[in-house]
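Peer 1: Please find one structure pasted underneath; my questions will follow.
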């Protein structure tokens, strides 16, 4: 059966209907899943195995049969560990049908079909009894239902239900408990992901300061967690204002409550500063004694221990509602509120005579309001985008380029989403400034946000917002004037891959009739760049596992491979490479150029070539990014910022995701006397706006 799926093409801007097979969603789910990453997480697997062995032993020592309930079994790995450790029977629950089918095959291949029953249901639908899915309640509960925030995948309601209906009272649980840790920090870099800082512009008539609307200043932002690889955040980018403290813990061997609640701990700043950010992570004890511990603590907490890289569990960055100045040694209270799926924080100063809070005291069933963005700016600008708008070096490049192209009689049209360029153009002397914000995000009402923004800066009558798609632009929108300067960053909220922002070129083509014959376009052109790299760790998410802790999981490898071959492996995928270190094995190479001074051509743009590998290493894939040539000698890169030549270490633009094309087979280049070359063919289809690529090693 075929299904028609509607989608807005991010590059061309047109609405398309694509015919997809019924397996399309399932293949996407598998291809983009983190199963491979979990199977490669040696630390997690070893600790789970130790914890399961210990739990089975404790039950056997009591003279009982060991009956295991494994919720969210995935590949069936934890159930096989339990069976191998001597469990009498395991019920392995998996709601995702293709995954449950794979688990059945894996369990059978490893010879455990008589000990493990895979149940393809949500755990809340599982029945217990002579005719039920489970013959009896289990006395060992094994789960891996955690995300970076611990509770974001619904662990609490799942545990709550399991204790009520599926496991015995006083059961063993692996993990036994989870503990959440926090640290209060000041960080201009991370704070720039929540706030819009004032922008200073040197204009003809003195310095202008662009300020955000007051609604944005007092907005708590969006409630979704900001999860990042905190181990890639250099210590120079934040200042710890407190020690690491325990916020709360959950004992999984006892009934769990998922109702909203809050926890409060006392903090004493070890340094004076601006409290802006709460950094958080968790650890799990696999056994009651806490001897088998698996931690997500970042590098500065346990500097002596080796860090296990993982992408399925990272660390959390929480933004306080407002910046709070704090003094070393003063008494503070940090409050963590949570509902079933998320956590958020607030900081209070201690008042005289107030009761002292004990570590992690909490109040169950309290109604706690989760933060909601009311200013709409946090919906239009995601966190990396705010970081980009706050990047002063980047803004200076645009100001420098605008100064070169603007004249006092310039009629300026800006095409970009949520861009500050119209305001910069006005301050730098353009006679008339209009802006088009074409993204298909009616939900966020950028128009109202921009009105508030212009009002805060007394620019309501100076800059006109046109609420029309580029192809529907009329001369009356432009007061019957021709555009002499067309500008864009370009940035569009619907872009996922670097070249999706070429939508600017399609929009420029759509408004051609409104452009003066001598129009200046900024950027004047763009180029696509590419480099072959070896990843320190990111390769794991695409690498087959084969065996995991002695169990054959080849079926899972094949399943991921089939799904990747279905479509994904022929495509690049977006990754923020500042979080994923790599070293370059080749020089960066410009592979395609796009001339914005002309309309999009009818014919495809293609290139073929080869790139030499200059360093020893494993070629995991190619990284691709865009560079925009704003004006003569002024460019901005969305990818490589700089590279140290001896080692090939790369510094990436921290505000953008780069495109990563993983090679299906890894090549090791050892001997450099005879340089190995990678040949490539890259084709930009101007009709669909899609880039197809092929690499041969």
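Residue numbers (UniProt numbering): 1 to 697. Yeah, the Cβ is synthetic: ideal placement off N, Cα and C, and Gly gets one too. From a predicted model like this one, the values you see are computed outputs, not experimental measurements.
#1: Shortest alpha-carbon distance to residue 39 belongs to which of 220, 73, 61?
#2: My output table needs one value for residue 643: the three-state DSSP class, helix, strand or coil.
#3: Restricting to Cα atoms, I'd like to know which of 593, 588, 572 is closest to residue 524.
#4: Do residue 70 and residue 92 come within 9 Å of each other at the CB atom, strictly closer than that value?
#5: Assuming residue 154 contacts residue 341 (C-beta within less than 8 Å), just tell me the rounded distance between them.
#6: Please identify the residue among 248, 649, 109, 514 whose C-alpha is closest to the C-alpha of residue 178.
#7: By Cβ distance, which residues of its chain are closer than 7 Å to residue 663, with the 5 residues on each side in sequence left out?
#8: Based on Cα-Cα distance, which residue from 301, 253, 251, 241 lies nearest to residue 277?
#9: Consider the Cβ of residue 472: report whether some Cβ of chain D lies at a distance smaller than 9 Å.
#10: Count the other CB atoms within 10 Å of the CB of residue 657; is the residue buried (16 or more) or exposed (fewer)?
#11: If I measure Cβ to Cβ from residue 365 and keep anything under 6 Å in the same chain, skipping five residues before and after, which residues do I get?
#12: Provide the residue(s) that pair with residue 182 in DSSP beta bridges, ordered along the chain.
#13: Could you spell out where the alpha helix (DSSP H) holding residue 575 opens and where it closes?
#14: How far does the alpha helix (DSSP H) with residue 397 in it extend, from its first residue to its last?
#15: When we look at the beta-carbon of residue 194 and count the other beta-carbons within 10 Å, is it buried (16 or more) or exposed?
#16: Do you know how far the Cα of residue 309 is from the Cα of residue 283?
#17: On the DSSP letters alone, give me the boundaries of the beta strand (DSSP E) that residue 318 sits inside.
#18: Whole angstroms is fine: what's the gap from residue 339's alpha carbon to residue 264's?
#19: Taking the beta carbon of residue 54 as the centre, do at least 16 other beta carbons fall within 10 Å, making it buried, or is it exposed?
#20: Under 7 Å Cβ to Cβ from residue 431, same chain only, skipping five residues before and after it: list those, please.
#21: Starting from the Cα of residue 323, find the closest Cα among 306, 303, 180, 346 and give me that residue.
#22: Alpha helix (DSSP H) containing residue 387: first to last residue?
#23: Assuming residue 435 and residue 47 form a contact by the criterion Cβ under 8 Å, report the distance between their Cβ atoms to the nearest whole angstrom.
#24: Sort out for me which residues DSSP pairs residue 610 with in a bridge.
#25: Taking the alpha carbon of residue 552 as the point to measure from, which residue in 76, 42, 83, 110 has its own alpha carbon closest?
#26: Quick one: grab the DSSP three-state call for residue 568.
#27: Would the beta-carbon of residue 536 fall within 9 Å of that of residue 582?
#28: Only counting the same chain, and skipping five residues up and downstream in sequence, which positions put a Cβ closer than 6 Å to that of residue 642?
#29: Does DSSP put residue 197 in a helix, in a strand, or in coil?
#30: Return helix, strand or coil for residue 309, following the three-state DSSP convention.
#31: What first and last residue would you give for the beta strand (DSSP E) that runs through residue 93?
#32: Rounded C-beta distance between residue 94 and residue 118? I'm assuming under 8 Å.
#33: Quick one: what's residue 143 bridged to in DSSP?
#34: Could you tell me the distance, in whole angstroms, from the CA atom of residue 273 to the CA atom of residue 348?
#35: Start and end of the beta strand (DSSP E) containing residue 692?
#36: Quick one: what does DSSP say residue 491 is sitting in, helix, strand or coil?
Peer 2: Reading it off the structure:
#1: Looking at the Cα atoms, 73 is the closest of the given residues.
#2: The answer is strand: DSSP assigns residue 643 an E or B state.
#3: The option with the nearest alpha carbon to residue 524 is 593.
#4: Contact: yes.
#5: Their Cβ separation, rounded to whole angstroms, is 6 Å, which keeps residue 154 and residue 341 in contact under 8 Å.
#6: Closest by alpha carbon: 248.
#7: Contacts found: 619, 620, 621, 695, 697.
#8: The shortest CA-to-CA distance from residue 277 to any of 301, 253, 251, 241 is the one to 241.
#9: Included in the structure is just one protein chain, with no chain D present.
#10: Per the 10 Å Cβ criterion, buried.
#11: Since pLDDT at residue 365 reaches only 49, below the 50 mark, its modelled position is unreliable, and the value read off the structure follows with that caveat. The residues 259, in chain order, have a CB closer than 6 Å to that of residue 365 in the same chain once the five nearest residues on each side in sequence are set aside.
#12: The partner list for residue 182 (beta bridge, DSSP) reads 245, 280.
#13: Taken as a continuous stretch (DSSP letters only), residue 575 belongs to no alpha helix (DSSP H), being part of the beta strand (DSSP E) at 573-575.
#14: Segment 392-405, the alpha helix (DSSP H) holding residue 397.
#15: So residue 194 counts as buried.
#16: For residue 283 and residue 309, the distance between alpha carbons rounds to 15 Å.
#17: Bounds of the beta strand (DSSP E) holding residue 318 are 315-326.
#18: Those two C-alpha atoms are separated by around 15 Å.
#19: Buried.
#20: Result list for residue 431: 408, 409, 410, 411, in chain order.
#21: Nearest Cα to residue 323 within the set 306, 303, 180, 346: 346.
#22: Where residue 387 is concerned, the enclosing alpha helix (DSSP H) stretches over 383-389.
#23: Contact flag wrong, Cβ pair sits at about 54 Å.
#24: Residue pairing of residue 610 in beta bridges, as defined by DSSP: 679.
#25: Proximity to residue 552 across 76, 42, 83, 110 peaks at 110, based on C-alpha coordinates.
#26: Residue placement at residue 568 is poorly supported in this model, since its pLDDT is 46, which falls under 50; the coordinates still yield a value, given next. Note: residue 568 maps to helix in three-state DSSP.
#27: In this structure, residue 582 lies closer than 9 Å to residue 536 by Cβ.
#28: For residue 642, the CB contacts under 6 Å within the same chain, skipping 5 residues up- and downstream, are 651 in chain order.
#29: Shown here, residue 197 sits in coil according to DSSP, grouped into three states, outside any helix or strand.
#30: Of the three classes helix, strand and coil, the one that applies to residue 309 here is coil, per DSSP.
#31: For residue 93, the uninterrupted beta strand (DSSP E) segment begins and ends at 89-93.
#32: With a beta-carbon spacing of about 6 Å, residue 94 and residue 118 fall inside the 8 Å limit used to define contacts.
#33: The partner list for residue 143 (beta bridge, DSSP) reads 71.
#34: Rounded to the nearest angstrom, the two C-alpha atoms are 15 Å apart.
#35: Run containing residue 692: 690-696, per the beta strand (DSSP E) assignment.
#36: Looking at residue 491 - three-state DSSP - the assignment turns out to be coil, as it is neither helix nor strand.
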